[in-house]
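Here's the structure we're looking at; comments come further down.
Protein chains in written order, with this note's numbering: chain D, 234 to 461; chain G, 55 to 851.
Right, dumping it as structure tokens:
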């Protein structure tokens, strides 16, 4: 027994668990995402792999896997995990996709996408967020994410067209250049609402020169409190 | 100990009263700039508990404080002055600074908020303690002293309006501090000497805080903060005003295009963002960039122009002028723009060098500075098109405006507007689509009920609405929509990929062609609104949110949350989302609970020293609590009702506060000359109750009938209405103090504290009553309280 315990202790010292957040991440995927009906395997796998705690401020690491958005500074947030998963599943990303993301923010969503698709192009309008995202992406070794500090209105013409476009912050209108840069048959997903109460998403689909939109509700509202 | 000179006391009291009221109103502006208005409301309400707390402290340490009052009084006044800028500075330091938007995300903001409460309480506490000591020690002259207190408070309300035009709010704290400092000097002088150290130190602090006060940094989640992060953004103009700090920011990345079609392929030019207290008023578009205005044709707001020609247009709450520009671009020959923010009009019409192509400078545009409803009530003109301001804000407002009176969105307002339409005229209102649906539904219920009031039995024939993926535009006509108009709308929608939502002959399958909703719930709810009065009323009862139209008696359009449904919503969304449905409404009740809790504790505390038995204590509680509640009820309701009358909330507040307090001060002064038997007191209270009831019944009619009078005439009318009741309402407090000084002098500080707590509770409670039951109920509540006070006074005579 003693030998066993000593051996175990030596093993733990030599091979510490590199990811103390692993169980939190697994629980997040199971309870917050899978149990809420997200079935897209690529999304689930990616969210299980990407270490969300690496993308939040140091003082919020222990809350990284909670079921809500978190502030990341400069008036921005990292979205609730479920919303990230929902948005990604909605565009049904494929391995050969080229995706444009408007609003890098923490770069978490870009990282989740990068685990699934061929290339992610991401634009951030706030310099400080761009710089920290760039460093983070480089440190974490994501080679298929390209970042740009620019006005997202103009998209990324040089890399267009895109199979899908993900807009991470609520938009008053959809910039015409983004619609132009979306492939025929491509999808764009945009949130509606405040960052702490982002319950709606809108999916835009392009067909030739026409577009349709569809409102998606991760949380469906039951309007009546009394049964008729 | 020698008594201080009464005249110097009165002068000092006037100055310190000016100081604290001006500081209170400046603090509201400061917190509104840093955070949002309703958090300002909550924080100030708590801070004003400093008044009541001072009474508690005075009760507990009365002998010591009175024994040394000559020395203590000037020090308290000076401390009040010094702490005014100091607490603002400290509240913005990193360990203490809190953020409203983070409050419900579990970021330990509560400790920061509690610290902020305590900080802001300090100047109020020092002032109230000084006033309480004066009232207690010199109760034989309470009539004259209370007169000084009230007059000073009234002047403080006027002074802040002037100061806000000249100075930025953070500087004002040093100025109000100076008033308090001088009040202390006046009393030191009364003692024969001013301590040199105190004089130099205090003046140095106030000077440093005035000249070197750091810039205020609003919440990172405010539009201002986010806009300034954009590349090449800069503030090109900044002005303080009673409407808030107005700023114009330029950046090549600022663009706006609400309701834009996905078919638009052109360019949206960048412009300027105009903000008030860090919140967006609108984007300023340049009239010289005519070519780039083409995107306006691709928005849902083109709806009325698609329906027909609009030569004469009225735009209510025109803001930055984007609807003015749209109207001109669409061929309007004359545009009347009504905007209540005088500061904004001044900026946009005074040829600011970078804004020399403001749309307000054009000959075809007439600009009126008043609020929307006041203009409509005063105007005899008719228009081809009336445009209301957009309902809700992009991204939602998280319910910050749930307590804001919106007299232009009441059922009566819609009727008034429709009566100003030409035969083919149209009213247009835009609404940001929200989920769960609230704003859009309430606009529909308001319009439908307004049309039914003018005997239009089939409202659906008079309304059309179209939407894109996040924006809804509604057009209403007094006459039925014609087949030609409907066809034009259909063609427009098809070309723009908009959906028709409401139209006389719309089929259900035509509704969701380009912008599909998740399900038909939204349309089902709209259909219920249009179906019949019974169905609509059932919907009002059953729907999880309040979509009953706002009325002039309850003009709180953005009030959707129902307390009884909070549990249901909590189950749907989780408790941390509930505040963001309607933060203002939640904060109102949170504030009320906090205030009542603290007040009860601090009212009870002195009883451990004074004793719990003795009927007189109950009488004191009822008397001073009752008059504190009743007086503030009337003041709050007057401010809200006169906002519509004067067309401006700031001028309304300043006028009401000044008139009420000065007239009450005169009433207080008169009490100095008389002794009051119960019979005389009875007469005064009966007069007060009668005058309040008269106002409850007739005030609204008087104001509406004279709303088109000139400003001077309106002020005179306000004086005639406010003066009689306010004069008599100024009497109960000094009468009560005088009686207490004869029968139970040890209770005077406690009475002062109770009155302070009651006033603060009333401020919040009046809003609760107005929101839940209506303005008239607040008048009746005040009448009831004065009646109860009269009954209680019988045992105290």
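Beta carbons are placed, not taken as given, at the ideal position from N, Cα and C, and that holds for glycine.
- Within a 10 Å sphere around the beta-carbon of residue 473 (chain G) sit fewer than 16 other beta-carbons, which makes this residue exposed.
- Between the C-alpha atoms of residue 847 (chain G) and residue 683 (chain G) there is a straight-line separation of about 16 Å.
- Residue 523 (chain G) reaches chain D at 407, 423, 425, 435, 437, 446, 447, 448, counting residues in chain order whose Cβ is nearer than 9 Å.
- Out of G:429, G:329, G:357, the CA that lies nearest to the CA of residue 398 (chain G) is found in G:329.
- Using a Cβ distance threshold of 8 Å, residue 214 (chain G) and residue 76 (chain G) count as a contacting pair.
- If you check each beta-carbon in the stretch 291-314 of chain G against every beta-carbon of chain D, the ones closer than 9 Å belong to 306, 307, 309, 310, 311, 312, 313, 314.
- Against residue 283 (chain G), the close residues of chain D are 307, 359, in the order they occur along the chain (beta-carbon pairs closer than 7 Å).
- Contacts between residue 86 (chain G) and chain D, judged by CB atoms closer than 7 Å, are missing: the closest CB pair is about 18 Å apart.
- Its chain contains 58, 59, 62 as the residues whose beta carbon lies nearer than 6 Å to that of residue 244 (chain G), once the 5 sequence neighbours on both sides are disregarded; these appear in chain order.
- By the CB criterion at 8 Å, residue 294 (chain D) and residue 395 (chain D) fall outside the cutoff.
- Inter-segment contact for the stretch 318-326 of chain G and the stretch 406-413 of chain D is present: three or more beta-carbon pairs are separated by less than 8 Å.
- Taking a contact to require three or more Cβ pairs closer than 8 Å, the stretch 124-141 of chain G and the stretch 827-837 of chain G do not qualify as touching.
- The beta carbon of residue 675 (chain G) is closer than 8 Å to those of 657, 808 in its chain, skipping five residues each way along the sequence.
- Looking at the backbone, the Cα of residue 573 (chain G) and that of residue 314 (chain D) are separated by about 24 Å.
- For residue 298 (chain D), the three-state secondary structure derived from DSSP is coil.
- With at least 16 other beta carbons inside 10 angstroms of its own, residue 713 (chain G) counts as buried.
- Less than 8 Å separates the beta-carbon of residue 601 (chain G) from that of residue 499 (chain G).
- Leaving aside the five residues that flank residue 111 (chain G) on each side, the residues in its chain whose CB is nearer than 7 Å to its CB run, in chain order, 183.
- Between the C-alpha atoms of residue 567 (chain G) and residue 447 (chain D) there is a straight-line separation of about 10 Å.
- Closest in alpha carbon position to residue 478 (chain G), among G:135, G:262, G:367, is G:367.
- Nearest CB-CB separation between residue 124 (chain G) and chain D: not below the 8 Å threshold.
- Residue 242 (chain G) is not a Cβ neighbour of residue 236 (chain G), given a cutoff of 8 Å.
- Contact between residue 459 (chain G) and residue 609 (chain G) holds: their C-beta atoms lie close to 5 Å from each other, under 8 Å.
- Taking 8 Å as the CB threshold, residue 568 (chain G) lines the interface with chain D.
- Taking C-beta separations shorter than 6 Å and ignoring five residues to either side along the sequence, the partners of residue 760 (chain G) in its chain run 771, following chain order.
- Under DSSP, no beta-bridge partner is assigned to residue 429 (chain G).
- Sixteen is the threshold: since fewer than 16 other Cβ atoms of the shown chains lie within 10 Å of the Cβ of residue 262 (chain G), the residue is exposed.
- In the three-state DSSP reduction, residue 288 (chain G) falls in the strand class (E or B).
- In the three-state scheme derived from DSSP, where H, G and I count as helix and E and B as strand, residue 361 (chain G) is classed as helix.
- Leaving aside the five residues that flank residue 157 (chain G) on each side, the residues in its chain whose CB is nearer than 6 Å to its CB run, in chain order, 163.
- Per the C-alpha coordinates, the member of G:562, G:522, G:467 positioned closest to residue 546 (chain G) is G:522.
- In the DSSP assignment, residue 309 (chain D) falls within the beta strand (DSSP E) that extends over 309-311.
- Counting only runs of at least 4 residues, the stretch 733-788 of chain G fully encloses the following alpha helix (DSSP H) elements, listed from N- to C-terminal order: 765-783.
- Measuring C-alpha to C-alpha distances from residue 797 (chain G) to each of G:679, G:718, G:710, G:669 identifies G:669 as the nearest.
- Within the stretch 370-386 of chain D, contact with chain G at the beta-carbon level (separation under 8 Å) is assigned to 384, 386.
- Contact between residue 416 (chain G) and residue 369 (chain G) is absent: CB atoms are separated by about 13 Å, not below the 8 Å threshold.
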